[in-house]
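S.K.:
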Amino acid sequence: MRIGYLLPDPGIGIFGSKGASVHAQEMIRAFRALGHEVTVFCTKRGDKHEDPTTVSVPADLTDLPVFVVPVSGVKGAAEREAAVVRVAARMAELAVAGGFDLLYERYSLFSTAGVTARRSSGVPLVIEVNAPLLREQKVHRSLHDEPTAERTTRESFTQADLLSCVSEPVADWTRRLLAEDVTAAGRTPRVRVTPNGVDPTRFTPRHPDQQATEQHRTDQQRTDAAARLQDAVTIGFLGTLKPWHGTDLLLRAFARIATQDARPRLRIIGGGPERRRLESLAAELGIGERVEFTGPVSPAQVPQLLAGLDIATAPYPAPSDESEHYFSPLKVYEYFAAGLPVIASALGELPQLFDGDRAADGSAEGMPAGITLPPGDPEALARALDRLIADPARRAQMGAAGRRLVEREHSWVMRAQGVLAQIPVPTEALR
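Per numbering that gives the first Met the number 0, the sequence shown starts with residue 0, numbered consecutively.
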């Protein structure tokens, strides 16, 4: 089957390093792994509108056909929004000319690329909804032309064949939007929850023996500082450094345990606008020398960097409204694939995801894949870190449970199969 992948969001480069770019690349890999041909239409190749020859393309995607319709030379929100409308129209023309069997669009404000191409070509359209962008843009960013943003969103949603939502809260928002739209009467698209996933083959989990080597040694045997440092435990965070990731909470929790224990180190993997503030906070807390900030990393570097961790974290702060935590944390699936024990805030889908490694019959096998905590509580996070630092065997068991979980239930190929099973594609196109 030939798939036209539409990515009209000017903030996402197909070969960028952000989570959205990783998600796009992994879905494309999954479609290709299932034997389908994919062609991409996007606004840029990398994180910025840089020279295409300087963008690092993953080795397995160098043969991916990519057509760039740039958004460039715009100033301010109004010009940017109008530019996306024009870009979407051009992408629709290219998609129709491509003669695809399926159109797959990542939901972007001001875009009707998918539905315009669907009307002209008659082929099925899947829209992937990763966030309630209409609400998000109103509340957290600037939205100049709200009527057009709402009109294009409703037009896209009501005319798609399938709306593939990243989480149940996003699916609920999507259903409410459809229910409010009188034009949806008589034609209600299917709404499906398709969480994030991971490609387990990209990650090599640490062998349990590596994590449990020091299990039987006692603190009395380890009075020498140099000997204690040999048993350093590296705690890590992976993600863009923005306020809603709670990295400041992690620093405060780490400071609590660092004063009592010489072993732990903290590695913050990723860059972002919060980096300087977080570095200043680490210095203020007296832990600057024990915290490493890697800066921005490419998706290809992530497996190796995670392999150097002993404990992984997703310390989301408490939202003002539980419904605000609507995303499916990509980092948690990657932590599991790397065989790491994970400590995360009990928000959204995470408590169920951490509910334990389960056998094929659904029964629990006795070891959860991680620990969930009340969000926004650095003391609870410090206590959980302390427990795992002191228990290498438990770390190994949790890491193994998480790895089994993603291998069995959460691969990107499984996600792609689930989406394709929901759409009316002619049998001959699947061959």
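Where a beta carbon is used, it is the ideal one built from N, C-alpha and C, also for glycine. Remember, it's a predicted structure, so these values are computed and weren't measured experimentally.
Since Tyr332 is in the alpha helix (DSSP H), which residue starts that stretch and which ends it?
M.R.: Within the sequence shown, the letter at position 333 stands for residue 332. Segment 329-336, the alpha helix (DSSP H) holding Tyr332.
S.K.: Whose C-alpha, out of Ala399, Phe335, Ala383, is nearest the C-alpha of Met366?
M.R.: Along the sequence shown, read from residue 1 onward, the residue named residue 366 stands at position 367. Nearest of Ala399, Phe335, Ala383 to Met366, Cα basis: Ala399.
S.K.: Around the C-beta of Lys47, are 16 or more other C-beta atoms found within 10 angstroms, so that it is buried, or is it exposed?
M.R.: Here residue 47 refers to the residue found at position 48 when the sequence shown is read from its first residue. Looking at its Cβ environment, which holds fewer than 16 other Cβ atoms inside 10 Å, Lys47 is exposed.
S.K.: Under a Cβ-count criterion, where at least 16 other Cβ atoms within 10 Å of its own Cβ denotes burial, should Ala19 be classed as buried or exposed?
M.R.: On the sequence shown, position 20 is the one that residue 19 refers to. Classified as buried, Ala19 has 16 or more neighbouring CB atoms from the shown chains inside 10 Å of its CB.
S.K.: Look at Tyr325 and Pro194 and say whether their C-beta atoms are less than 8 Å apart.
M.R.: Numbered from 1 along the sequence shown, position 326 holds the residue referred to as residue 325. Numbered from 1 along the sequence shown, position 195 holds the residue referred to as residue 194. No, they are not a contact pair.
S.K.: Quick one: what does DSSP say Glu36 is sitting in, helix, strand or coil?
M.R.: On the sequence shown, position 37 is the one that residue 36 refers to. Looking at Glu36 - three-state DSSP - the assignment turns out to be strand.
S.K.: If you compare alpha carbons, which of Lys43, Arg393, Arg264 is closest to Val54?
M.R.: Taking the first residue of the sequence shown as 1, we reach residue 54 at position 55. Of the candidates Lys43, Arg393, Arg264, the one whose C-alpha sits nearest the C-alpha of Val54 is Lys43.
S.K.: Three Cβ pairs or more, each shorter than 8 Å: is that satisfied between the stretch 246-258 and the stretch 367-381?
M.R.: A contact is defined here as three or more CB-CB pairs under 8 Å, and the stretch 246-258 meets this definition with respect to the stretch 367-381.
S.K.: Under the three-state reduction of DSSP, which class applies to Ser344: helix, strand or coil?
M.R.: Taking the sequence shown and counting its residues from 1, the one referred to as residue 344 is at position 345. Of the three classes helix, strand and coil, the one that applies to Ser344 here is strand, per DSSP.
S.K.: Assign Glu291 to one of three DSSP states: helix, strand, or coil.
M.R.: Taking the sequence shown and counting its residues from 1, the one referred to as residue 291 is at position 292. It is a strand residue.
S.K.: Assuming Ile388 is part of the alpha helix (DSSP H), what are its boundary residues?
M.R.: Walking along the sequence shown from the start, residue 388 turns up at place 389. Run containing Ile388: 377-388, per the alpha helix (DSSP H) assignment.
S.K.: Measure the Cβ-Cβ separation of Asp144 and Glu78 and say whether it is below 8 Å.
M.R.: One-based indexing of the sequence shown puts residue 144 at position 145. One-based indexing of the sequence shown puts residue 78 at position 79. In this structure, Glu78 does not lie closer than 8 Å to Asp144 by Cβ.
S.K.: What would DSSP say about Arg394, mapped onto helix, strand or coil?
M.R.: One-based indexing of the sequence shown puts residue 394 at position 395. Residue state, collapsed to three classes: helix.
S.K.: Given a cut-off of 8 Å, decide if Val197 and His409 are closer than it, judged by their beta-carbon atoms.
M.R.: Walking along the sequence shown from the start, residue 409 turns up at place 410. Walking along the sequence shown from the start, residue 197 turns up at place 198. It is a contact, given that the beta carbons lie within the stated cut-off.
S.K.: In chain order, which beta strand (DSSP E) runs of at least 3 residues are fully inside the stretch 69-133?
M.R.: 101-105, 124-128
S.K.: Just the C-alpha distance for Leu384 and Ile256, rounded to the nearest angstrom, thanks.
M.R.: Walking along the sequence shown from the start, residue 384 turns up at place 385. Walking along the sequence shown from the start, residue 256 turns up at place 257. C-alpha separation (whole angstroms): 8 Å.
S.K.: Does Val405 come out as helix, strand or coil in the three-state DSSP assignment?
M.R.: In the sequence shown, counting from the first residue as 1, residue 405 sits at position 406. In the three-state scheme derived from DSSP, where H, G and I count as helix and E and B as strand, Val405 is classed as helix.
S.K.: Taking just the CA atoms, how far does Val83 sit from Val70?
M.R.: Here residue 70 corresponds to residue number 71 of the sequence shown, with the count starting at 1. Here residue 83 corresponds to residue number 84 of the sequence shown, with the count starting at 1. Whole-angstrom Cα-Cα distance: 7 Å.
S.K.: Give every residue of the same chain whose Cβ lies closer than 7 Å to the Cβ of Leu142, excluding the five residues on either side of it in the sequence, and list them in chain order.
M.R.: For the purposes of this step, residue 142 is identified with residue 143 of the sequence shown, where counting begins at 1. For Leu142, same chain residues with a beta-carbon under 7 Å away, outside a window of 5 residues either side, are Gln136, Ala148 in chain order.
S.K.: Out of Ile13, Pro7, Asp230, Ala112, state which residue places its alpha-carbon closest to the alpha-carbon of Asp390.
M.R.: For the purposes of this step, residue 390 is taken as the residue at position 391 of the sequence shown. Ranking Ile13, Pro7, Asp230, Ala112 by Cα distance to Asp390 puts Asp230 first.
S.K.: Determine the DSSP secondary structure at Phe30, reduced to helix, strand or coil.
M.R.: What you label residue 30 is simply residue 31 of the sequence shown in a count that begins at 1. Note: Phe30 maps to helix in three-state DSSP.
S.K.: Please report the straight-line C-alpha distance between Val296 and Leu237, rounded to a whole angstrom.
M.R.: Along the sequence shown, one-based indexing puts residue 296 at 297. Along the sequence shown, one-based indexing puts residue 237 at 238. Each residue's Cα considered, the two are about 10 Å apart.
S.K.: Taking only heavy atoms of the ligand FAD into account, decide whether any of them is closer than 7 Å to the Cβ of Trp411.
M.R.: Although the ligand FAD was asked about, the structure shown includes no ligands whatsoever.
S.K.: Please list, in chain order, all residues of the same chain as Leu176 whose beta carbon is under 8 Å from its beta carbon, the five residues on each side excluded.
M.R.: Position 177 of the sequence shown holds residue 176. Around Leu176: Leu133, Thr152, Arg153, Phe156.
S.K.: What residues match up with Ala311 in a beta bridge as DSSP calls it?
M.R.: By 1-based counting over the sequence shown, the position of residue 311 is 312. Bridge partners of Ala311: Gly235, Val341.
S.K.: Measuring CA to CA, which of Met26, Leu5, Gly3 is closest to Gly417?
M.R.: Counted from its first residue, the sequence shown places residue 417 at position 418. Checked all of Met26, Leu5, Gly3; the closest Cα to Gly417 is Met26.
S.K.: Does the stretch 332-344 touch the stretch 304-313, meaning 3 or more C-beta pairs lie closer than 8 Å?
M.R.: Touching, yes.
S.K.: For Arg201, which of Lys330, Gln303, Ser166, Leu63 has the nearest alpha-carbon?
M.R.: Along the sequence shown, read from residue 1 onward, the residue named residue 201 stands at position 202. Nearest of Lys330, Gln303, Ser166, Leu63 to Arg201, Cα basis: Gln303.
S.K.: Span of the beta strand (DSSP E) holding Arg191?
M.R.: Counting from one through the sequence shown, the residue named residue 191 turns up at place 192. Unbroken beta strand (DSSP E) run through Arg191: 189-192.
S.K.: For Pro7, which of Gly34, Gly113, Phe30, Val56 has the nearest alpha-carbon?
M.R.: Along the sequence shown, one-based indexing puts residue 7 at 8. Measuring from the Cα of Pro7, the nearest candidate turns out to be Gly113.
S.K.: Taking 8 Å as the cut-off, decide whether the C-beta atoms of Leu404 and Ala368 are in contact.
M.R.: Within the sequence shown, the letter at position 405 stands for residue 404. Within the sequence shown, the letter at position 369 stands for residue 368. Yes, the pair counts as a contact, with Cβ atoms nearer than the cut-off.
S.K.: Are the C-beta atoms of Trp243 and some chain D residue less than 8 Å apart?
M.R.: In the structure shown, chain D does not exist; there is a single protein chain.
S.K.: Mind checking whether Ala23 and Ile11 have CB atoms under 8 Å apart?
M.R.: In the sequence shown, the residue the question calls residue 23 occupies position 24. In the sequence shown, the residue the question calls residue 11 occupies position 12. It is a contact, given that the beta carbons lie within the stated cut-off.
S.K.: Assuming Pro514 and Val290 are in contact, meaning their beta carbons sit under 8 Å apart, how far apart are those beta carbons, in whole angstroms?
M.R.: Here the chain has residues from 0 to 430 only, and residue 514 is not among them.
S.K.: Here's a check: name, in chain order, each residue in its chain whose Cβ is nearer than 6 Å to the Cβ of Tyr103, leaving out the five neighbours to either side.
M.R.: Counting from one through the sequence shown, the residue named residue 103 turns up at place 104. Ile2, Tyr4, Val125, listed in sequence order.
S.K.: Since Ile371 sits in a beta bridge, which residues does DSSP pair it with?
M.R.: Residue 371 sits at position 372 when you count from the first residue of the sequence shown. In the sequence as displayed, the identity of residue 371 is Thr instead of Ile. Ala343.
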